[in-house]
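*Asks:* Protein chains in written order, with this note's numbering: chain A, 1373 to 1819; chain B, 37 to 441. We put the CB at the ideal spot given by N, CA and C, even for glycine.
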Amino acid sequence: MSTLSRRAFLASGIAACLGKASRVDAMGRVPVGGELRMRLPWSTRRLDPHDLFDPLAAIFSGAVADPAYARDGAGTVYPTLADGMPRIEDGQTVVRMRAGLVSAAGKTIGGRDLAWSVTRARNMGAAGLLGPLDPFVRSDPKDPLIARFGQIDPGKLALLLSSPLVAVLPVGFAPEAPDGTGPFRATPSPSKMELVRNANASRGPSQLDRVVVHAATDMADSLRAFEAGQDDVGWLGLGLHRDRAGARKFGYGEVAWVVLVTGKRAGAFGAAGVAQQLANGVPVERLHLGLDARSDVRGGSSWHGDPADVLYDGGHGQLATVARAVASKLSERGHELTARAVSTEALRRARDRGDFSLAIDVVRHPHGGPTGPLIALATADKKALGRDTGSKPPNLRYDQPLSHATTMLQLGILGGLGVHGGVVASVLLAPDRSGRGVDWGGSYKSA
Amino acid sequence: MVVSAPLDSDVAGAAAARLTRKIAQLVAGRLGSGARFESEPRTLDELLGAAAKKSEERGRRSVPGFVHLTPKIERGRLHVAADAHPVRRTVWSRALSRGEPGPVAHAFAQAPIDAEVRSYLPAISWAEPTVTKFDGADPDVLALACGDLDADASPDVVLMTRQRVLSIRLKDGKVERAREARWAELAPVAPVPLRQPLGFLTIVEAGPGAPRGYLDAAISDRMGSVRLDPELGLALRMQGKAVPLGRGTGCTWMSELRLGERLVACGSALDAVPLAELTRKSDAIASTVIVEPTGRARTVTALRDQGALVTRGDGEEKIVGRVGAQLAIADLDQDGAPEIATTVDVLSPKHDALEVRTLMATGTVQRRYRVAVPTGVEALAACPPDAGGVAALVLATHGEVWVVR
């Protein structure tokens, strides 16, 4: 006799299906959609996650690209694009990428892209950071998901690969049309950068539909537009003349430093450590330069060399303000300094050759542990010095102010490039898990 | 002849005779044209005695056997055992057998009480809910399920986090971990996960076509879905995300950060013939079969579309209002009208609450109760009836599991 099957006795699946809201934010779900508008006193012409000197990348690299690993605020390294932590196979440390990763432009991302990205990053901004790495990194001909790194401790490798300066980019990446696995797809241009949700995002598409970042001529431009209600984010403040009604402050740490660099034409002022003394002579803390203040500033001097130019990248409105202030504060009669805007390429050439007296530049925070900042600054001074510092970090107290550690560099810290300002009430800018900067993908706007 | 024993019920005031007669009538109907049923309940001894006496009276002529039903209502479930008994035909067979023969066939079925069965029992009235709390749960629970997974006639509770699926016991104020299955071993990471994950757990109880119950689990962090057996062993990997549909599940795919609009049979491809067309994308979904007092059954689905609660059933759609991210649907008082349990669409956990409302047949919504949950509701599930009174809801909040009834 068969089992009774009348409907009253039918199996009754008790259905429970639930969506979970982020514990950080809401018991409804975080809203999906909306557009964020802002303007920044930085060039929006290009974005290169591997560029140590790119301020736009300092702020938005995580919006477009991801490293293979990441490090949270407690220092724990965890896999993001990688499938698990690095492991040793046949005497080599290998990293396996997650299957099925695709860039915003639809390119498959695998071991070859990781190997290419690491090589490119080592030739660019991560030259010092990747100093401990074996010179050759290559993909595996038999397994397209694997990249091989020679002999290196797996934990150390994961830490090195967690720097945003070593983001995984598709082979052939171009900073004028940046492609990556991040929550957004970027379209930079001289007037603005548009970030549009990336449906292929390897760590999850953005909550926002779009972020539009206009290139502002200076800091006042952003604050004026925010105060007038044109923008959702006020960069570095809540308004120009008065605070915008209903706006809230946000502050997510420093993502870069603005530095003063001395070159071959600085003469005696080009000696190691002098750049920091000159930088200390600029009272950044009392001037409205949009820089985060340094702590424990010691000493300071003026320029006593020949009249000279202070070069800066003219595409960055904020650097114009800083350069003019530096020139003004360090000049003395007969030893005048003049701020001079040059193109990005010209500044890079001058710096590579040392063919300048003074220059203002931006150096990105590399993350990568307590020695990371000094390695990045050393790399920004000279790549070879960065590699030496990365391979064998000096025995310093890394909990002291960074401006005390630049005594061996021809570079001095003027102040931090902080991520702070004001937002309208309907916007929540999510903090990056590293504790530094904004998680643009997790940020949202309620209706 | 189909005859039922008297009803054994832990619910007082049952219209026992009417219910047993109805059960006997339905079983006789299923057995075919030759079967009849008796209106009055009788014990097995009475039946065997009567059959023996008839057999003697008829001599060698055959006496039909009978099917004896043993209905029982216990802890919110109706259990029916059925035994087919022959009757010994000759004096010799009776003399040699030394007693009456046992049944030649046996069957058993059980199911939670629904509105049709409840119509033979006293109606359940709503009272102020009681909340029992159990601590020691995993933090950040994504989904909960409550149902009889292992067919032992008592409800099981399963929870899911981003790391694992865990069956738990709620005992003496504590959450005890019984079995676990880790996501890292169940499914690879999804190429495109969601930043704010979605998770779904559905217990499908044992029944025709499914001799053992199973648990379908899906999370946006991982590829597809998995089907787990009652021991939380991996039974099947499936494409698509398994979400509740009626008493089972259907599978859909993520679309623009939300659940898609079409449900197909789990195990099928995206372009298979759909089981259901929801016509809306959603970020939360609950579904069940509602049985009316007449016995008519219909599937009712509730989903959350950009904060709005939308119910679908009998081809009709109704927008109820704004709700939070957690949903459950069940006939908690077994009256044939579904209750929808929701949370509140707020930006701060301290303003969150569990709200239970009934969707009346007239189309109105009647609020039943609200329980504040100031630590925020992470996950919510409806349990089957397990005793007299309104069926329980279980919710997860900040390291605790609450049972609300």
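Starting from B:Glu-152, trace the alpha helix (DSSP H) both ways and give me its first and last residue.
*Replies:* B:Glu-152 -> alpha helix (DSSP H) spans 151-154.
*Asks:* Can you have a look at B:Thr-337 and say buried or exposed, based on whether 16 or more other CB atoms are within 10 angstroms of its CB?
*Replies:* Looking at its Cβ environment, which holds 16 or more other Cβ atoms inside 10 Å, B:Thr-337 is buried.
*Asks:* Using the rule of at least 16 other Cβ atoms within 10 Å of the residue's Cβ for burial, across every protein chain shown, is A:Tyr-1450 buried or exposed?
*Replies:* Result: exposed.
*Asks:* Going along chain B, which residues have a C-beta under 7 Å from A:Gly-1814?
*Replies:* Chain B residues near A:Gly-1814: Arg-231.
*Asks:* How about B:Gly-303: is its C-beta nearer than 9 Å to some C-beta of chain A?
*Replies:* No, because no Cβ of chain A sits closer than 9 Å to the Cβ of B:Gly-303.
*Asks:* Who are the near neighbours of B:Val-279 in its chain, counting only those whose CB is closer than 8 Å to its CB and skipping five residues on each side?
*Replies:* Contacts found: Phe-236, Thr-238, Ala-254, Thr-285, Gly-286, Cys-287, Thr-288, Leu-295, Leu-299, Ile-321 and Ser-323.
*Asks:* Going by other Cβ atoms of all chains shown within 10 Å of its Cβ, with 16 needed for buried, is B:Lys-277 buried or exposed?
*Replies:* B:Lys-277 is buried by the Cβ-count criterion.
*Asks:* For B:Gln-146, name the three-state secondary structure that DSSP assigns.
*Replies:* If DSSP states are grouped into helix, strand and coil, B:Gln-146 belongs with the strands.
*Asks:* Are the CB atoms of A:Ser-1574 and A:Ile-1481 within a distance shorter than 9 Å?
*Replies:* Closer than 9 Å, so yes.
*Asks:* To the nearest whole angstrom, what separates the beta carbons of A:Thr-1452 and A:Pro-1458, a pair I think is in contact under 8 Å?
*Replies:* With a Cβ gap of about 13 Å, A:Thr-1452 and A:Pro-1458 do not count as contacting.
*Asks:* Just checking B:Thr-285 against the ligand FAD - is the residue's beta carbon closer than 8 Å to any of the ligand's heavy atoms?
*Replies:* Looking at this structure, you won't find the ligand FAD or any other ligand, since it has none at all.
*Asks:* If you scan the region 1659-1707 of chain A from start to end, which runs of the beta strand (DSSP E) of 3 or more residues do you find wholly inside it?
*Replies:* Listed in chain order, they are 1680-1685.
*Asks:* In chain B, which residues lie with their C-beta within 9 Å of the C-beta of A:Val-1633?
*Replies:* Near A:Val-1633 there are no residues of chain B at all, since even the closest Cβ is about 39 Å away, more than 9 Å.
*Asks:* With the cut-off set at 9 Å, would you say B:Ala-87 and B:Ser-75 are in Cβ contact?
*Replies:* No, the pair does not count as a contact, with Cβ atoms beyond the cut-off.
*Asks:* For B:Glu-292 and chain A, any beta-carbon pair shorter than 9 Å?
*Replies:* With 9 Å as the cut-off, B:Glu-292 counts as an interface residue toward chain A.
*Asks:* Apart from the five residues on each side of it in sequence, which residues of its chain come closer than 8 Å, Cβ to Cβ, to B:Gln-146?
*Replies:* Counting only Cβ-Cβ distances below 8 Å, and skipping sequence neighbours, we find Arg-113, Leu-114, His-115, Val-116 and Ala-189.
*Asks:* On the three-state DSSP scale, how would you describe B:Gln-275?
*Replies:* Reduced to three states, the DSSP call for B:Gln-275 is coil.
*Asks:* With H, G and I counted as helix, E and B as strand and the rest as coil, what does DSSP make of A:Phe-1641?
*Replies:* Three-state DSSP puts A:Phe-1641 in a helix.
*Asks:* Any idea if B:Ala-428 is buried or exposed, counting beta-carbon neighbours within 10 angstroms, 16 or more meaning buried?
*Replies:* Buried, because 16 or more other Cβ atoms sit within 10 Å of the Cβ of B:Ala-428.
*Asks:* Roughly how many whole angstroms lie between the Cα atoms of A:Val-1540 and A:Gln-1523?
*Replies:* Distance between the alpha carbons of A:Val-1540 and A:Gln-1523: 21 Å.
*Asks:* Give me, in chain order, the residues of the same chain whose beta-carbon lies closer than 6 Å to that of A:Ala-1380; leave out the 5 immediate sequence neighbours on both sides.
*Replies:* Low confidence applies here, because A:Ala-1380 scores a pLDDT of 31, under 50, leaving its location unreliable; read the following figure in that light. Closer than 6 Å at Cβ, skipping near neighbours: no residue.
*Asks:* For A:Gly-1687, collect the residues of the same chain with a Cβ closer than 7 Å to its Cβ; drop the 5 residues on either side in sequence, then sort them by chain order.
*Replies:* These residues qualify, in order along the chain: Ser-1415, Arg-1417 and Thr-1716.
*Asks:* So who's on the other strand from A:Arg-1808, going by DSSP bridges?
*Replies:* Partner(s): none; A:Arg-1808 has no beta bridge.
*Asks:* Please identify the residue among B:Gly-360, B:Arg-111 and B:Gly-424 whose C-alpha is closest to the C-alpha of A:Gly-1400.
*Replies:* Per the Cα distances, B:Gly-360.
*Asks:* Which residues in the same chain have their Cβ closer than 8 Å to the Cβ of A:Arg-1395, if we skip the five residues on either side of it in sequence?
*Replies:* In this prediction, A:Arg-1395 has a pLDDT of 39, which is less than 50 and means its spatial position is unreliable; what the coordinates show is noted afterwards. Excluding positions up to five away in sequence, the list is empty.
*Asks:* For B:Ala-226, does the count of other Cβ atoms within 10 angstroms reach 16, so buried, or fall short, so exposed?
*Replies:* Looking at its Cβ environment, which holds 16 or more other Cβ atoms inside 10 Å, B:Ala-226 is buried.
*Asks:* Determine the direct distance from the alpha carbon of A:Asp-1420 to that of A:Ala-1546, and round the result to whole angstroms.
*Replies:* Whole-angstrom Cα-Cα distance: 8 Å.
*Asks:* Under 9 Å, do A:Pro-1845 and A:Asp-1590 count as touching if we go by C-beta distance?
*Replies:* Lying before the first or after the last residue shown, residue 1845 of chain A is absent from chain A, which here runs from 1373 to 1819.
*Asks:* Please list the partners that B:Gly-343 has in chain A, where partner means a Cβ-to-Cβ separation under 9 Å.
*Replies:* Neighbours of B:Gly-343 on chain A, chain order: Gly-1400, Arg-1401, Pro-1403 and Ala-1819.
*Asks:* Less than 9 Å separating the beta-carbons of A:Leu-1650 and A:Ser-1673?
*Replies:* Yes.
*Asks:* Please confirm if B:Asp-381 has its CB atom under 9 Å from at least one CB of chain A.
*Replies:* Closer than 9 Å to some Cβ of chain A, the Cβ of B:Asp-381 qualifies, so yes.
*Asks:* With 7 Å as the C-beta to C-beta threshold (strictly closer), list the residues of the region 1471-1483 of chain A near chain B in chain order.
*Replies:* Within the region 1471-1483 of chain A, the residues whose Cβ lies closer than 7 Å to some Cβ of chain B are Ala-1471, Gly-1472, Leu-1473 and Val-1474, listed in chain order.
*Asks:* Using a Cβ distance threshold of 8 Å, determine whether the region 1613-1627 of chain A contacts the region 1779-1796 of chain A, with at least three qualifying pairs required.
*Replies:* Touching, yes, given that three or more Cβ pairs across the two stretches are closer than 8 Å.
*Asks:* In chain order, what residues of the region 1554-1579 of chain A put their CB closer than 8 Å to some CB of chain B?
*Replies:* Of all residues in the region 1554-1579 of chain A, Pro-1555, Ala-1571, Asn-1572, Ala-1573, Ser-1574, Arg-1575, Gly-1576, Pro-1577, Ser-1578 and Gln-1579 have a Cβ within less than 8 Å of some Cβ in chain B.
*Asks:* Would A:Asp-1455 pass as an interface residue toward chain B - the criterion being a Cβ-Cβ separation below 9 Å?
*Replies:* True, the Cβ-Cβ gap to chain B drops below 9 Å.
*Asks:* Does the beta-carbon distance from B:Gln-199 to B:Arg-218 come in below 9 Å?
*Replies:* Their beta carbons are under 9 Å apart, which means B:Gln-199 touches B:Arg-218 by this criterion.
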